[in-house]
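*Asks:* Have a look at this one before I ask anything.
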Amino acid sequence: MTNAPSSSDRHVVVGAGPVGRHVAAELAARGSYVTVVTRSGRDTGGAGATHLALDASNADALARVAEGADVLYNCANPGDYTQWEQVWPPLASALLIAAERPGAVYAITGNLYPYGPVDGPMTEDLPDVATDHKGVLRARLWADALAAHRAGRARVVEVRSSDFVGPGVGANGHVSRVVPAALRGRAVTMIGRTDLPH
67 MTNAPSSSDR
77 HVVVGAGPVG
87 RHVAAELAAR
97 GSYVTVVTRS
107 GRDTGGAGAT
117 HLALDASNAD
127 ALARVAEGAD
137 VLYNCANPGD
147 YTQWEQVWPP
157 LASALLIAAE
167 RPGAVYAITG
177 NLYPYGPVDG
187 PMTEDLPDVA
197 TDHKGVLRAR
207 LWADALAAHR
217 AGRARVVEVR
227 SSDFVGPGVG
237 ANGHVSRVVP
247 AALRGRAVTM
257 IGRTDLPH
């Protein structure tokens, strides 16, 4: 059963991919007032959420939407990796500015790219030592957000995880690439080292 939204518990979720959809659905199920921001504003099926079309790289427009929000969630992920250097910096900057102005918590959905190659268990104490363009960029964006946090301009948290498992990942998910072929008795190709603990 979904609780009636509470205007005193406001959340703005930017992005409606697998993570954004599930964050919005969980918040709405808890009775929070949820606004999902995407370029199209298309309703992604999250009951209890309001959907809004907005270019999230427009800091002023995003700050107006985030006004009074308790948390601003960055669940965006520009899909074309070749365009990350052009798309991510203005988007991340706008999100950080929008979180600073109303004083909302800025919750970032990160990934493992900033760590670079890791030989062993991953912990929150790992340094960001990536040398590839995606990892260096994501590490820089996190460093900017963390600097704002340390300077007291924003309250920031980043959650990092792999993007190969989880509900709704579709063709981008590791499980959806492997399980159907395995169930048909066909050979499968594994990504990464299968001998490492998970």
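In our numbering, the protein residues as written are 67 to 264.
Even for Gly, the Cβ is constructed at its ideal location relative to N, Cα and C.
1) Report yes if the CB atom of A125 is closer than 7 Å to the CB atom of I174, and no otherwise.
2) Tell me, which residues are paired with Y265 by DSSP?
3) Looking at C-beta atoms only, is the number of pairs between the segment 247-263 and the segment 203-210 that lie closer than 8 Å three or more?
4) Can you tell me whether DSSP reads G258 as helix, strand or coil?
5) Taking Cβ positions, are A170 and L128 nearer each other than 7 Å?
6) Name the two residues that bound the continuous beta strand (DSSP E) containing S98.
7) Measure from the alpha carbon of A142 to the alpha carbon of each residue in A205, V225, R216 and A82, then state which is nearest.
8) Out of V184, H199 and D198, which has the shortest C-alpha to C-alpha gap to L192?
9) Helix, strand or coil for T68, going by three-state DSSP, please let me know.
10) Taking just the CA atoms, how far does A220 sit from E166?
11) In the DSSP assignment, the alpha helix (DSSP H) including E151 goes from what residue to what residue?
12) Classify S74 as helix, strand or coil using the three-state DSSP reduction.
13) Can you tell me where the alpha helix (DSSP H) holding L203 begins and where it ends?
14) Using alpha carbons as the reference points, say which of T148, P180, H88 and D121 lies closest to L161.
15) Using the Cβ count rule (16 or more neighbours within 10 Å means buried), how would you classify E92?
16) Count the other CB atoms within 10 Å of the CB of R216; is the residue buried (16 or more) or exposed (fewer)?
*Replies:* Quick answer:
1) I174 sits away from A125, with the two beta carbons spaced by 7 Å or more.
2) For the chain, the structure presents residues 67 to 264; residue 265 sits outside this window and is missing.
3) Here the segment 247-263 makes no contact with the segment 203-210; the two share fewer than three CB pairs at distances below 8 Å.
4) In the three-state reduction of the DSSP assignment, G258 falls in the coil class.
5) Note that the C-beta distance between A170 and L128 is not below 7 Å.
6) Element bounds for S98: S98 to T104.
7) Comparing Cα positions, the closest option is A82.
8) Comparing Cα-Cα distances from L192 to each of V184, H199 and D198, the minimum goes to V184.
9) Note that T68 scores a pLDDT of 46, beneath 50, so its modelled location is shaky and nothing firm can be said.
10) Computed Cα separation, rounded: 5 Å.
11) It spans W150 to E166 - the alpha helix (DSSP H) in which E151 sits, taken as one unbroken run.
12) Of the three classes helix, strand and coil, the one that applies to S74 here is strand, per DSSP.
13) DSSP places L203 in the uninterrupted alpha helix (DSSP H) bounded by H199 to R216.
14) With distances taken between Cα atoms, L161 lies closest to D121.
15) E92 is exposed by the Cβ-count criterion.
16) Classification for R216: exposed.
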